[in-house]
Each structure stands twice: as structure tokens, then as C-alpha cells.
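As C-alpha cells, the structure follows; a few thoughts come after it.
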């Protein structure tokens, strides 16, 4: 009997919170808030906050054309796999004190899982056979490489700080990081973590492929690159994935640097998480979007491997010497 | 009856495993005129070798026994080992198992892969000779015997590299391999001779007993020679260009052995000399040497791979890069590190074997491995593509495949080492390893786009899927990749941890052969605790549930009013969008991918390009310089 | 429920794909001005898509030259259903001042059914917004007919 | 790195948008905007000048012969072909064509973009068929001219067809023509005339014969 209840509970985690339903609603709302804020900052009225939902449902109602040159199975499956991987990432990231599946993964796993949605998109695009997708794939991969170094440095800095504090030397487990923050307050209050947090904020638009780091999906030059041949529902799923990725990265930020703010009541925590995510989205994605123009791919690479990596490296060095 | 029981005793299995391969080789040379005879003989011998090695699992792994076997029952007399010995501890068994599995799968693959070549008889003779050489080397308990086996495998490998001598560059590659390989072999021979002069024995266990107690300039020189010699066999930097040329020319089934197994025998040799013969891994400088060379191999070769546009050359560079991981992890000298390194060694054999076989399948069907000439094969070779993707995901460390599990352990091992020793250099290793991993992913994205996805070039319109025999060989590797990825606990518990324990228990190794092991340096292995958690089965379950849920929602919401082209003629609607132009063949070449990255690193790539001149004299010079540097290092620092 | 959601939202997020079939750039600039802060068509859900596969509304400007005709038709056929074709400015409707030229294949309505014509040379942004909202309405009707 | 609009982004976040909320808030076209054509048939004299000057071929004129001998003349302006250059309005001496500020020119059918109007005009009096056509006489088919060309190559006006639109006078490079609309007179200053033939070419009614 308990097994059944456990199974139902886990199914609830996967399907409702913090899984599929939460990802869908919160991610789409974040996306809507982002669009609205960018519009506001550009002195526009902007779309309604629910616009991403409209877009998604509209796309679901459209015809899906599979080009004759495409490899059909990969083309149709990769959006679903990408979305599933994102939902799973969301399941690993603790919501303050609460973790749905703490015993499965850690920050290295998150680091790799973040590659999976991008990889799904790359393979889907490659399977479509479009030359635009080829260019998009190349750029997407370079963006991933660009973001990897600073992200690794940030995560290692966090691992060292928490590990040093709890006495195990290093700590890769997200639930331990969350626990540590429950007891000792948010990591962002530490001086050594400030550069890392700044680096992470700068990383979020790169990882999500938002403006100005959206060279991979530049709709005006390479017809949205990897997505050039997608239409209808699979495209909608990719758009949804993009929204969920925003949620994942912002809630990863919350989990790494703003833990310990939770109230202990799950429903309140969920709302708090969403509000914090929205705040981070506003600061890191919308704000940067509003006043920058798209960077060239080699500029993206240079930027991440110099400025952002330096910030993260400073943080790691500070953490290393126990500041 | 007793006699039969004696013959079938597992004590004899190591020599049976070696002999099965050599015997197969000789029999094929003698009677292999007919194809069926040849195939049966080859299959029999690889299967027998696999069977004998698997049968050793129970005594060696479960009972923790170390099999010591004196050829001709010539036990040591007067305290000195005279006879030739085989000694199989968990480490030897571990490598022997890798060899047996790779040899078996590659043998199965060869039968249909080689059917378009002439001289199949010679191929099998050399192939089994190569396999037997590797098997003999990892099971040997005698340093000189190891040298003999190294010579056998080197010459077989050289001959097999030049086997397809109609292929451009094959003979040249073989020549390069011959020159530098012989330099390596000579190093091993001279090192062995020096050690023999110093300790009057060639038995590994006895050397391990005597050598560390008597460290002088001569043994230091011997160490440098042996290290460089085995380094040549592992193709670690600066010997990596040889591997690229050799793999580019050799048949894929041979590449599997060279990359998956032969390089491992080099690693095995390095472990034996560093951990056992000299027992010097406790020294920081020694760890530095291994980790430095490992990290260098890892990083240099992955960037070299990114610049390649030939499928097999790219794989060759990756195999050195992965060997770099193994060497780095082994060089960390912690229980977790060695375990992680050995785990990665298994994984590397499996996924690199799979990838080479996939490359072979592509070559077999299309006749080329040039990334700029291929494309869109996923529609023609769906199974090969799926199997290749398993290998590509594994090598790039995408969870839940096996590459991830071992890399995860390597990151933790190196970072833990950094934290514990307070040495920021090891931290750098963690970062390099992580970056290398993502660059690996990048180059496999390149391969999958340029070979399997993208557009089908018009001249490849008649390509067919490869035969079931080749597919099933790839399938075995893919299955093993998934199993070792999904059950890392089983792999570590039954394969890598016993082997790692053997590495840290030199005393047992010495005493099993009847020598006095009391003086052996006991390294503090220490238990280990994972700093994080990784549970692939649960992960997969969660992913499946999520995928299922999404699929159900998608199906309920009519995932796409799908319309696709059914007529042979492609209507406008189903053509690719070319800015309105009519669809034509257009594929982004493998060289042109990742421009932004290469542009920023153009100085580095230019430098690398100048360095890899392709001239054998240069490579020989590198070998000499490397030897000089390692000698200096070992004389001054160690 | 799902079907109703889809049916009702279709008109709320029409994405545009813009084809220049030999236009003088006047209409193209006006179309861009519709997306600027002054008119901000995004508040009505309009968005320029990069590829015809993503689009709902195809906006054609220019007199459809002989060179561009096959490309225009191909791009239009690559737009998934339900789709709506809007001709913008006088050129694609009639050829305008280019009518009778040896290089003009237009008007567009000879080749594909055109849903909405926006007249003007070039049309005022308000007129374009009018035309696009009308197209969105037609789009919703077409979506309703698909089921 | 320099971000010139960073401050604006923040300040605009809290300020009112500069959007013209068009469909909700109706907007007026600027004065002088040339929008939908309004045609006043009661003013039209059917001179055809507009049709002639239209660069977009947007104006068509059809004549329907009524049974009582009069003509029903219909002018159709196709907005879908119009460049809104207003040349027709400029040339219209009777101000029968007007460009309004209405820009809502959106239609689902092409017919919705047509502006047309018609009026009934008394048919010109039929004269006896002219004796002979001479070389160079540009009379349109079906309409015989009662006026003979002059021998000296200077133009002659056919008052039966002339509507006194004054175009010939405007176009005459030597200013040799004087046309009075009110008095319906057409006079030629023979001294000034250079016999260039421009008046005959530009005459919308083809009533100048040379």
C-alpha cells in the first residue's frame, strides 16, 4: 500500500509540482513577463502576459510539415526528449527545503543535463536537413562551449564553499547545498559568492539563448537556425522548452545563491520561487535584452571566456582561500 | 580423470586464453585458405579467449585470488625467478577482460566487414596475432615477456595498418608507426635491461620487491625509458599523431583493437611500472607527471579532433583524449581516482569500439570517411545511426550513458584531490576535464551532423544498411555501453574496485608469487565517499515517466497534424526552405562548423597545424625530446 | 478543452512572414514601422517569423516580378495550414506603376487565393494593422474549418 | 563596452509607453494625407485627363450608350492599383477627384477596393459624315471629324468634340494657344505657332487635327 502511495506521490512530483504542470505554467508566465518587460523598457506596450500560452496553443493547432529531406523519427522525437530532460532538471533542483528527487543527481548531473535540451534541439535541427539548421547548430554548439567554462567555475566555487563549510571538503549534492543555506543563510551573503552570482546572472541569457546571445536562433539572418524547418506542435514544444529553460536556470540560481529564504510551506515556497525567478529573469534576461543588439558568435565566445569566466574565477579563488 | 581435471583447472586459463588466440593465428596461417574454415577458426579462437577470461572472474574477482602460473612449472630457485611467469591479479584480469570482449566483438564484425578485401587469410593471422600479443602482455608476470608481447603486437599492428595498402597514406602511416613504435619498444628493452642489471631478475613481482629499495640513477633512467616506451604504446602526447595516421588507414575492426585495447595495454604498462615496480606514486612529482601528461593528452587531442574532417582520424584523436582521462585519473593516486580511471578505461573500450565500428560501417557502404563528402545517412542506415548515437552520447558523457558515470567520478576524484592536497593544479585538471568533455560533445555533434544527419549527397542515394553481422557486433557494444552506464555500482563493485584495490595492494602481488613483500610501499588508498549522488536507473525512470507524460499529452493534443511527402517527387511544400529557392544539395562541411570557436583560437590552431607536420622525422624527434624530458624529470625531481 | 483552447487562441498570435516580391522597399519599411514602439503590433500578438514554416500570415509586397514568382509561390506553399495571404500595397494586387512591364508576372491573385488586400502606396501603419487583424480573424475562421 | 541605452531602459520601465493604441484609439491621418479617392461624378466632364495622367493605370472609364441617345459615363478608380500620387486630382480642372484622409483601404475582395461613380451626359450632336480623311489625321475610329486639316501644318480644333480643358494651351511650348473655358473659344496665334504638334498629342479628346 505504501508503495502505491509513494508511487503516486512521485508521479505527482513528476506531473504537477515541481514537474510538468509547474514547469509549463511558470515557464510560460516567465516568458510572458520577460516579453512584457522588454516591451516596457523599449517604451512599448508589449504583448499580454499570457501571450506565450496563446502562441503555444496556436502552434499546437497548426499543421506539422515534415520536409522530405528530414529524418522523420529524430525530427519528431527530439522536441519531446528535450522537454522531458528539462522537466527532469526541474525535479532535481531543490525548492528551498523541498527536493522531489534528492537522491538522483547533483550539480555535475545538472551541468550535463543542461546540455541535453540543447543537444535535442541540435539533433532535431540536424535531422531536418536544412542548411540554416547547419549554421544554427554550429553556433548553438559554440554558445554551449562558451557558457560551459564559466558555469563550471561557478558550480565548483559553490561546491567548494559549501563543502568547506560542512567539512567534507567539497559538496556536489544540491540538497546538501540547500540544507546548508537553510541553516546558514543564503550563499549570496558571502563575499566570495558575489562574483559567482554575478557571473551566473550573466550566464542565464547565454544558456537560454536569449538576446543578445541568440546568434544561434537569429531569425533575421539564419531563419531561426535550428528551428527553421519546424512547424506546428513540435515547434510549440521547442518554444515551451525555451520557456522552461528560463525557469530551470533561474531556479538553479535561486537554489545556489538564494536558498534559505523558504517558509517551509510548500505552496508558499512555490510562489516565492516563482517570484524570485521572475525577478532574476527581469534582471538578467529582460534588462540585457532591452538595450543590446545581437552579438556575433565569436564575440559571445570571447565575452564568456574572458569577462564572465574571470568573475567566476575570482569567486573560485576567493572560495579556495576560504574567504 | 585427475589429469583432465588438472588441465581444466582455472590455473591454466590465462595461458589458454593467450594460446587460443595465437593458435588460431597459426592455424589460419596454415589452413585458412577456405573462407568458411578461416571464419570458424577465427570465431572459435576469439570465443575461446573470451570464455577462458570470463571463467577467471570467479576466482580472481569474487575470491580475490591472485593466480600465479609458472610456465613449465619452473618455480623460482634460490630466491630468484628463472622461469616465465603469468600473474593474474584483479588488475590484469580487468584489462584481460577488456581485451577479450573487444577482440570478440571486433572478430564477429570482421567476418562481414572484411569480405570485400583480398588476403583475408593474412588479415586474420595478423589480427589474432595482435590480439594474442595484447592478451599476453596484460596477463604476463614477467617484464621481458611483456616486452616480447609488445613487440608482437607492435609488428602485427604495423602490418595491419598497412593492410589496405591501396588506401592513400596507409603505407606511410605504417612506416611512421613502425619508426616511432620501434623507438618505444627499444626504450622498453633498454629499460628492462637496466633493471635486470640492477636487480638480476625480470619477474614483475620480484622486481617490485627489489627495485624500490634500491633507487639510483640507473633505475631512474630505467623508469624514464619504460615510461616513455609504454607511453608510445598508449599514444599519449607527444605520440598522438601516429595514432591518427594509423587509425585513418587501418580497417575499422583493427582500429577497435588498436584504440580500445592496445592503448590500454600502454596504460596497463604505466600502471605496472609506476604503482608496482617503482611504487613511486606516493610522490607528488610522480602524480604530477602522470596528471600533467594525461591532461595534456586530453586537451590537445580533443582540440586536434575538432579540427579534423576525417571520421576515423577524428575518432583516433578522441581515443587519445579519452586515454588522457584514464591516465589523469590513475595519476591521482586515490582509490576513487584509480577506480574512476579504470571505469573510464572500460567505457572507452566499449564506446570507442562502437564508434570505430560505426565508422567502418559507413566506410564499408559509402567508401569514404571524409566528413565533407558524407551526410544524411540516417535515412539510409537507421540502425547504424542509432548505434552510433549511443556511442556518441556515451563518449560525450550524456547521462545516463556510461561515459557520464566515469567522468563524473573523475571530476570528483580530481576535485577531491585538489581540496585534500590544497594544490590548485588539480583544480585546473577538473576544469580541463569538464571543458574537454564539452568539446568532445562538440566534435560528435559535428560527426553526427556531417555523416548521419543533414542532407544526403546525391551520389550516396543508393547506400544500404550494413549486414546484420556488423550491426549485431555494434549492438553488443551499444548494449554494454548502456548496461555499464545504467549500473555503475555493479561495475565499480565487481570490476574497477577490485582492480583498484589490487593497485593499492602491491604486497599481495609480490607475495602471491612467493617473494617477500614486507618492504613494499603501501599507499594509503583510503575509502571514498561520493561527494554527490548519481543514480542512473532512477534518473532513467524519472525521464521515462516525464517523457511518457509529455507524449500522452502530445498525443491527446494531436501532436501535430502531421503531413509528409509520400509521392516520390518532392512537392514544393515538402522541400526545405532555401529562402524560396528550389531545394538543392547544400550541406555545411565538417570543417566549417564551430567557426566562432575556431576563430577565437586561430592562433592556437595555427600553432598546432605547424607542429603536426606529418613528417616522420619530426615525430621521431618528439619521441627523443620526450624521452629526454622525462629522463631529466625523473633524474632531477623524483 | 484542448481543442477549444487551440481554436480560440489561433487568432491571438499570428506570426508574419514577409516576402519582398520586387518591392521598392516603401511597404517593407512601413511593415517594420508597425513593429516599432509607436505602433507596436506585438501587443496584438503579431511577430515577424524568420521562416515560412513558423508563419501564419504571409505578407507579400512588390509587384511579383517574373524572377520572384516561383520563389514566392514556393515560400507560400511551405507555410503550414491554416495560413492567410495578405498583399500589401498596390503592387501585388495589380502591378501598380509597373503594370505591363515585361518583367512583371503579377498580380499575385492570378496564382494563389489572396485573403486580404491592403491598399495604399505605401499603406499607413494603421491600415496595415487593420489588414493584419482582419487576416487574423480569417485565420481563426480557417482554423475552425479545419476541425 | 558601452551601453548607451541602459539608463533609458530603466527610466522607460516606469514611464508611459509611446504607443499609439491604434485599433482601440482611432487615429486621424495627418493633414494633406492622400487616402481613399472620392469621386464626384456630378462635377466630371469626362475629359479623360485623369485617365491619361494616371501612372498606375488605376482609372478606367466606360461609356454606356443609353437608349435615349445619351451616354452613361462611369469612372472607376482602382485603389489597388493607385499610387496615390494625386496627379489626377491636380489635372482635374473640375475638381471632381478628391483625396480624402481615409486610410482604411483594406478588403478581402478586390471589388471592395474600387471607387466608382457615373453620370449621364448628353451625346454630342451627330454631324454629317466628314468628306474625306487626309493623311496624318488622327481621328479615332467611329468618330468622323468635320474639320479639315490646314495646309500649312498648323493645328485646327474640332469644336464638336472639344471640351475646352485647356490642356493644349498649357502644353503649348510657344504659348500660341488661348482657350477660354467659359466662352468656349479656342484661338490660335498663328505667328507664334511652331507646328510642333504637342497640342494634338496631348489632347485627351483627340480633337486637334494637324
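Protein chains in written order, with this note's numbering: chain Z, 11 to 333; chain E, 215 to 852; chain S, 126 to 272; chain P, 14 to 223. We put the CB at the ideal spot given by N, CA and C, even for glycine. Because the structure is a prediction, the values reported are computed rather than measured.
Residues of the segment 201-212 of chain S whose Cβ lies closer than 8 Å to any Cβ of chain Z, in chain order: Residues of the segment 201-212 of chain S with a Cβ closer than 8 Å to any Cβ of chain Z, in chain order: 203, 205, 206, 207.
Taking buried to mean at least 16 other C-beta atoms within 10 Å of its own C-beta, is residue 848 (chain E) buried or exposed? By 1-based counting over the second chain, the position of residue 848 (chain E) is 634. Its Cβ being crowded by 16 or more others within 10 Å, residue 848 (chain E) is buried.
Specify the secondary structure class of residue 791 (chain E) as computed by DSSP and reduced to three states. For this step, residue 791 (chain E) is matched to residue 577 along the second chain. Under the three-state reduction of DSSP, residue 791 (chain E) is assigned to coil, being neither helix nor strand.
Give the DSSP-derived three-state secondary structure of residue 331 (chain E) in the structure shown. Here residue 331 (chain E) refers to the residue found at position 117 of the second chain. If DSSP states are grouped into helix, strand and coil, residue 331 (chain E) belongs with coil.
Quick check: the segment 591-603 of chain E against the segment 536-543 of chain E, are at least 3 beta-carbon pairs closer than 8 Å? no
With distances taken between CB atoms, is the gap from residue 644 (chain E) to residue 628 (chain E) smaller than 9 Å? The count along the second chain starts at 1 and reaches residue 644 (chain E) at position 430. The count along the second chain starts at 1 and reaches residue 628 (chain E) at position 414. Yes, Cβ-Cβ distance for residue 644 (chain E) and residue 628 (chain E) is below 9 Å.
Between the segment 84-93 of chain Z and the segment 798-809 of chain E, do at least 3 Cβ pairs fall closer than 8 Å? no
Applying the criterion that 16 or more other CB atoms from any shown protein chain within 10 Å of the CB defines a buried residue, is residue 562 (chain E) buried or exposed? Translated into positions along the second chain, residue 562 (chain E) becomes position 348. Label assigned to residue 562 (chain E): buried.
Whose C-beta lies closer than 7 Å to the C-beta of residue 182 (chain Z) among residues of the same chain, with five residues either side of it excluded? Numbered from its first residue, the first chain carries residue 182 (chain Z) at position 172. Here the set comprises 116, 117, 118, 169.
Give the residues of chain S in contact with residue 79 (chain Z), contact being defined as C-beta atoms less than 9 Å apart. One-based indexing of the first chain puts residue 79 (chain Z) at position 69. Residue 79 (chain Z) does not reach chain S, its nearest Cβ partner there being about 13 Å away, counting only Cβ pairs nearer than 9 Å.
Under 9 Å between the Cβ atoms of residue 212 (chain S) and residue 181 (chain S)? Taking the first residue of the third chain as position 1, residue 212 (chain S) is located at position 87. Taking the first residue of the third chain as position 1, residue 181 (chain S) is located at position 56. Cβ atoms of residue 212 (chain S) and residue 181 (chain S): not closer than 9 Å.
What does residue 37 (chain P) reach in chain Z if we use C-beta pairs closer than 9 Å? For the purposes of this step, residue 37 (chain P) is taken as the residue at position 24 of the fourth chain. Those within 9 Å of residue 37 (chain P) in chain Z number zero; the least Cβ separation is about 10 Å.
Give every residue of the same chain whose Cβ lies closer than 8 Å to the Cβ of residue 78 (chain Z), excluding the five residues on either side of it in the sequence, and list them in chain order. Within the first chain, numbered from 1, the residue matching residue 78 (chain Z) stands at position 68. Contacts found: none.
Using a cut-off of 8 Å between C-beta atoms, extract the partners of residue 761 (chain E) located in chain Z. Reading the second chain from its first residue, position 547 is the one you call residue 761 (chain E). Result: 90, 91, 94.
CA-to-CA distance, residue 469 (chain E) to residue 569 (chain E), given in whole angstroms: On the second chain, residue 569 (chain E) is found 355 positions in, with the first residue counted as 1. On the second chain, residue 469 (chain E) is found 255 positions in, with the first residue counted as 1. C-alpha of residue 569 (chain E) to C-alpha of residue 469 (chain E): approximately 10 Å in a straight line.
Go through its chain and collect everything with a Cβ distance to residue 261 (chain E)'s Cβ below 6 Å, but skip five positions before and after it. Within the second chain, the letter at position 47 stands for residue 261 (chain E). Counting only Cβ-Cβ distances below 6 Å, and skipping sequence neighbours, we find nothing.
Any idea what DSSP makes of residue 415 (chain E), helix, strand or coil? Locating residue 415 (chain E) in the second chain gives position 201, where the first residue counts as 1. Reduced to three states, the DSSP call for residue 415 (chain E) is coil.
Whose CA, out of E:710, E:350, E:286, E:757, lies closest to the CA of residue 555 (chain E)? Within the second chain, the letter at position 341 stands for residue 555 (chain E). The residue with the shortest Cα to Cα distance from residue 555 (chain E) is E:710.
Nearest neighbour of residue 249 (chain Z), chosen from Z:69, Z:44, Z:22, Z:16 [CA to CA]: Here the question's residue 249 (chain Z) lines up with position 239 in the first chain. Out of Z:69, Z:44, Z:22, Z:16, Z:69 has the C-alpha closest to the C-alpha of residue 249 (chain Z).
Find the residues of chain E that neighbour residue 238 (chain S), judging by a C-beta separation of less than 8 Å, and give them in chain order. The sequence position of residue 238 (chain S) within the third chain is 113, counting from 1. Contacts between residue 238 (chain S) and chain E, judged by CB atoms closer than 8 Å, are missing: the closest CB pair is about 16 Å apart.
So for residue 27 (chain P), helix, strand or coil by DSSP? Start at 1 with the first residue of the fourth chain, and residue 27 (chain P) comes out as number 14. Three-state DSSP puts residue 27 (chain P) in coil, outside helix and strand.
From what residue to what residue does the alpha helix (DSSP H) around residue 204 (chain P) run? Mapped onto the fourth chain, residue 204 (chain P) falls at position 191. Neither: residue 204 (chain P) is in no alpha helix (DSSP H) and is coded neither H nor E.
Should residue 16 (chain Z) be flagged as near chain P, meaning a C-beta pair shorter than 9 Å? Looking up residue 16 (chain Z) in the first chain gives position 6. Closer than 9 Å: no.
Interface residues of the segment 129-154 of chain S facing chain Z [CB-CB below 9 Å]: Listed in sequence order: 130, 131, 132, 133, 134, 135, 136, 137, 138, 139, 140.
For a contact meaning CB atoms closer than 8 Å, what does residue 119 (chain Z) contact in chain P? Along the first chain, one-based indexing puts residue 119 (chain Z) at 109. Those do not exist, as residue 119 (chain Z) stays about 34 Å from chain P at its closest Cβ, beyond 8 Å.
Nearest-angstrom Cα separation, counted from residue 344 (chain E) out to residue 320 (chain E): Counting from one through the second chain, the residue named residue 320 (chain E) turns up at place 106. Counting from one through the second chain, the residue named residue 344 (chain E) turns up at place 130. If I take the Cα positions, the gap works out to 12 Å.
The alpha helix (DSSP H) with residue 563 (chain E) in it runs from where to where? If you number the second chain from 1, residue 563 (chain E) lands on position 349. Element bounds for residue 563 (chain E): 549-580.
Let's test the definition: count the other Cβ atoms within 10 Å of the Cβ of residue 649 (chain E) and tell me whether it reaches 16, buried, or not, exposed. The residue you call residue 649 (chain E) lines up with position 435 of the second chain. With 16 or more other Cβ atoms within 10 Å, it is buried.
Residue environment, residue 209 (chain S), which counts as buried when at least 16 other CB atoms sit within 10 Å: For the purposes of this step, residue 209 (chain S) is identified with residue 84 of the third chain, where counting begins at 1. Of the residues assessed, residue 209 (chain S) falls on the buried side of the cut-off, its CB having 16 or more other CB atoms within 10 angstroms.
Within 10 Å of its beta-carbon, does residue 281 (chain Z) have 16 or more other beta-carbons around it, so buried, or fewer, so exposed? By one-based count along the first chain, residue 281 (chain Z) stands at place 271. Exposed, by the Cβ-count rule.
With a Cβ-Cβ cutoff of 9 Å, do residue 243 (chain E) and residue 339 (chain E) count as a contact? As a working note, residue 243 (chain E) is residue 29 in the second chain. As a working note, residue 339 (chain E) is residue 125 in the second chain. Note that the C-beta distance between residue 243 (chain E) and residue 339 (chain E) is below 9 Å.
Taking the straight line between their C-alpha atoms, what separation do you get for residue 454 (chain E) and residue 395 (chain E)? Numbered from 1 along the second chain, position 240 holds the residue referred to as residue 454 (chain E). Numbered from 1 along the second chain, position 181 holds the residue referred to as residue 395 (chain E). C-alpha separation (whole angstroms): 12 Å.
How would you write the range of the alpha helix (DSSP H) that residue 515 (chain E) sits in, first residue to last? Reading the second chain from its first residue, position 301 is the one you call residue 515 (chain E). Here the alpha helix (DSSP H) through residue 515 (chain E) covers 498-520.
How would you label residue 276 (chain E), buried or exposed, when you count the other beta carbons within 10 angstroms and need 16 or more for buried? Mapped onto the second chain, residue 276 (chain E) falls at position 62. By the neighbour-count rule (16 or more Cβ atoms within 10 Å), residue 276 (chain E) is not buried but exposed.
Using a C-beta to C-beta distance shorter than 7 Å, which residues of chain Z count as neighbours of residue 634 (chain E)? On the second chain, residue 634 (chain E) is found 420 positions in, with the first residue counted as 1. Here the neighbours are 179.
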